[in-house]
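Asks: Residue numbers (our numbering), protein chains in the order written: chain A, 1 to 187; chain B, 188 to 540.
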Ligand code: SF4
Ligand code: SF4
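Here it is as C-alpha cells:
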C-alpha cells in the first residue's frame, strides 16, 4: 500500500526565505508573549517535587501484598508470580502454618519469606496478572528510592505495609493466628 | 574628573580612557553573562517551558532564575580543570582567551553615545576616539580573528570531533566574511567614510534615512552573515550534539568552557552593536536632532539589546541548516546578493544620488 506524499509547492515568496522566517518568528514571539503573562504554575511543565501529576488508573507502581481484614496475608505461596516474573526478582519461601486444612476452611500455606528485588523489577505487572488469589497488586506509589542496594530488597513485611499509611491501616509485623475460617467449602 | 586625576597623579585624559575601557568592557562582559540567562528564560518561554527557576539566592530569593547565573559561575570555578593527556597544553589553555578577547575587543570603536564637550575638552563615548584611522574595519578584522580561538580550541584538544567542529566553524566564517565585507563596503561608500561616527552622522536622526531603509538588501545580508560570524543557530556549525559530540569544545570543562561560552555571547553583543551602528543609526534618537547624551546612550542600548534579543529569538525559531545548505547559502546567495547591493549603490552614486 503506497502513501501519496503531497509535495508542497513553494511560492516565490516562500522561496525568498525571508517571509517564512518572519512568519515563524511571529509564531514564536506569540508564544513568548503568551507565556510572559502566564504564571509558571499554569504552564505545561509540572514542577515535580512541588506539583505532582495525577496518576492514571491502572498505573503500575510499587507492589502491595494484600491482606484480609484480620491482617492475615492473602498470598498462598503458590509461586505463580515467581514463575511469571520476567525479571526473576521475586523469591518466595513457603511454610505450613496450620494443622487445619482447606477442607476445614483454612488455607494451610503462606509465604514465610516473600521478597522482591525492587532494583530488578521492571514494573511489568505480570505478577499481578498471574496471581490466582489477587494477593499482589501494583499500585500508584512511584517514588521508590533508597541510599543503598540492600534497602531496595523489599521483604514480606515491607510489601504488606507499603500502602498501610496511605490506606489508614495499621502496620503489620507478624501474622495473626488464624481463628475464623476464611470460607466454607461444601465437601 | 580633574580631582580624581590629581588624586591618582595622572591626567584627566588617562582617567577618562581607563574609565571608558573598564566600564565598556565590564558591561559587555556582564551583559554577555546576563544574556545566557535571557537565552535560557527566553527559549523556555518560546517553547512554553519555564526555564531555570530553582536556584535561589541564599536559598531564599529565586529572582526569576537569575541566581542560576551565580550558581553556574561558582560551579564552573570550582570544577576540576581537566586537560586531555595528548592535548597541546599551551594552546589548550590559550584558546579560550583567544576566543574571548577578540569578541570583546570589537566593541572598542563603537560609539555608545554622543560625544560631548566639557570644559572645552571633547569627550567621546567610544573606547577608541573617532579618527583613529581604523574605524569599522577594526571590528570586522577582529571578528575574523575570533575564528582562531575556535580553531585553536578544536585543534589543541586533539580530538577528531573537535577538529571537525573547528574546521566547519572556520569554513563558515571564511565564506560569510566576504558577504559581510561587501555589504559593509556599500555603507562606507554611501556615507563617505569608514569611521563609525561618520557612518552614524550620515544616517541622521530620521528612521527612514537609516541604512536599514536605504539599503535593505545590505542589511539582510549583513544580519544573516552575522549569525554565521557569531556561530549561532541556524548556522552554529562549530557545535552539533547529534553529529560531532559537542563540537569544538568537547574536551573543555570548568572555567575554560564557560569562557568559551561567554566568548560566544560577547561576540553576539558586539555583533548586535555593529548592526545597530551600521544600519540603525547607532546612538541617534529617532526624531530628535540633537539628543542629550544620556538619551543617546539609552537609544543605543535599546537598539543593541533588541538585536541581541533577535539573535536569541531567531535561534529558537529556525531549525539548523545542513552543512552543504550553509555553503550554498553563503557562496551562491549571500555573496551575489551583497555584490548586487554594492554594484547597485555604486551605480546610484554615479548617477549623483
Ligand atoms: S512487576 Fe514484573 S518484574 Fe516486577 S515483580 Fe512483578 S512480575 Fe516481576
Ligand atoms: S502473590 Fe499470588 S501468585 Fe504470588 S505466591 Fe502469592 S498467591 Fe501465588
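Yeah, the Cβ is synthetic: ideal placement off N, Cα and C, and Gly gets one too.
#1: So with Cβ pairs under 8 Å, would you call residue 114/A a contact of chain B?
#2: Would residue 350/B count as contacting chain A if we go by Cβ distances under 8 Å?
#3: Could you pull the start and end residues of the alpha helix (DSSP H) that residue 502/B belongs to?
#4: Going by Cα to Cα distance, which pick from 5/A, 134/A, 127/A and 148/A is closest to residue 119/A?
#5: Quick one: residues in its chain with C-beta nearer than 8 Å to the C-beta of residue 504/B, no 5 flanking neighbours on either side, listed in chain order?
#6: In the DSSP assignment, find the beta strand (DSSP E) that holds residue 93/A and state where it starts and stops.
#7: Excluding five sequence neighbours on each side, which residues of the same chain lie with their C-beta closer than 8 Å to the C-beta of residue 79/A?
#8: Please state the DSSP three-state secondary structure of residue 127/A.
#9: Quick one: is residue 360/B buried, meaning 16 or more other Cβ sit within 10 Å of its Cβ, or exposed?
#10: Return the bridge partner residues of residue 309/B from the DSSP annotation.
#11: Any heavy atom of ligand 2 within a distance shorter than 7 Å of the CB on residue 136/A?
#12: Does the distance from the C-beta atom of residue 231/B to that of residue 286/B stay below 8 Å?
#13: Can you list, in chain order, the residues of its chain whose CB lies under 7 Å from that of residue 290/B, leaving out five sequence neighbours each side?
#14: Starting from residue 532/B, follow its DSSP beta bridges and name the residues at the other end.
#15: Would you say residue 194/B faces chain A, with C-beta separation under 8 Å as the test?
#16: When burial is assigned at 16 or more other CB atoms within 10 Å of the CB, is residue 14/A buried or exposed?
#17: For residue 250/B, does the three-state DSSP call read helix, strand or coil?
#18: Rounded to a whole number of angstroms, what is the C-alpha to C-alpha distance between residue 481/B and residue 35/A?
#19: At which residues does the beta strand (DSSP E) containing residue 109/A begin and terminate?
#20: Which residues in chain B sit within 7 Å of residue 44/A, going by Cβ to Cβ distance?
#21: Under 7 Å: does the beta carbon of residue 80/A sit that close to some heavy atom of ligand 1?
#22: Could you give the distance in angstroms between the alpha-carbon of residue 318/B and the alpha-carbon of residue 364/B?
#23: Please give me, in chain order, every unbroken run of the alpha helix (DSSP H) with length at least 4 that falls completely inside the region 11-72 of chain A.
#24: In whole angstroms, give me the CA-to-CA distance for residue 296/B and residue 245/B.
#25: Distance, Cα to Cα, residue 187/A vs residue 66/A?
#26: Have a look at 174/A, 31/A and 126/A and flag the residue whose alpha-carbon is nearest the alpha-carbon of residue 82/A.
#27: At which residues does the alpha helix (DSSP H) containing residue 327/B begin and terminate?
#28: Identify whether residue 471/B lies in helix, strand or coil by the three-state DSSP scheme.
#29: Here's a check: name, in chain order, each residue in its chain whose Cβ is nearer than 8 Å to the Cβ of residue 439/B, leaving out the five neighbours to either side.
#30: Pull the bridge partners of residue 154/A from the DSSP assignment, please.
#31: Starting from residue 501/B, find everything on chain A with Cβ-Cβ shorter than 8 Å and list it in chain order.
#32: Only counting the same chain, and skipping five residues up and downstream in sequence, which positions put a Cβ closer than 7 Å to that of residue 502/B?
#33: Flag residue 150/A as yes if its beta-carbon sits less than 8 Å from any beta-carbon of chain B, otherwise no.
#34: What is the rounded straight-line gap between the Cα of residue 464/B and the Cα of residue 369/B?
#35: Any heavy atom of ligand 2 closer than 7 Å to the Cβ of residue 156/A?
Replies: Reading it off the structure:
#1: Not closer than 8 Å to any Cβ of chain B, the Cβ of residue 114/A fails to qualify, so no.
#2: The Cβ of residue 350/B sits no closer than 8 Å to any Cβ of chain A.
#3: Taken as a continuous stretch (DSSP letters only), the alpha helix (DSSP H) holding residue 502/B covers 480-502.
#4: When only C-alpha atoms are compared, the closest one is 148/A.
#5: If we look at residue 504/B and ignore the five residues flanking it on each side, its Cβ neighbours are 233.
#6: Annotation: the continuous beta strand (DSSP E) that includes residue 93/A extends over 90-96.
#7: Only 92 and 94 meet the Cβ criterion.
#8: Reduced to three states, the DSSP call for residue 127/A is helix.
#9: That one is buried.
#10: For residue 309/B, DSSP records a beta bridge to 304/B.
#11: Yes, since a heavy atom of ligand 2 falls inside the 7 Å radius drawn around the Cβ of residue 136/A.
#12: Going by beta carbons, residue 231/B and residue 286/B fall outside the 8 Å limit.
#13: Around residue 290/B: 333, 450, 453, 454 and 457.
#14: None; residue 532/B has no bridge partner.
#15: Closer than 8 Å: no.
#16: Its Cβ having fewer than 16 others within 10 Å, residue 14/A is exposed.
#17: Helix.
#18: Each residue's alpha carbon lies about 33 Å from the other.
#19: Start and end: 109-117.
#20: Simply 235.
#21: Remark: the C-beta of residue 80/A is outside contact range of ligand 1, defined as less than 7 Å to any heavy atom.
#22: Roughly 25 Å between the two C-alpha positions.
#23: Correct list: 12-15 and 18-36.
#24: Roughly 40 Å between the two C-alpha positions.
#25: Confidence at residue 187/A is low in this model, with a pLDDT of 47, below 50, so the placement of that residue should be treated as unreliable; the coordinate-derived value is given next. Residue 187/A and residue 66/A have their C-alpha atoms roughly 28 Å apart.
#26: Selected option, being the one with the closest Cα: 126/A.
#27: In the DSSP assignment, residue 327/B falls within the alpha helix (DSSP H) that extends over 324-343.
#28: Secondary structure of residue 471/B (DSSP, three-state): coil.
#29: Contacts found: 283, 340, 344 and 447.
#30: 116/A, per the DSSP bridge assignment.
#31: Around residue 501/B, the beta-carbon contacts reaching into chain A at under 8 Å are 21 and 25.
#32: For residue 502/B, where only same-chain residues beyond five positions count, the Cβ hits under 7 Å are 419 and 420.
#33: No, because no Cβ of chain B sits closer than 8 Å to the Cβ of residue 150/A.
#34: Straight-line Cα distance between these residues: approximately 17 Å.
#35: Ligand 2 never approaches residue 156/A closely enough for any of its heavy atoms to be under 7 Å from the residue's Cβ.
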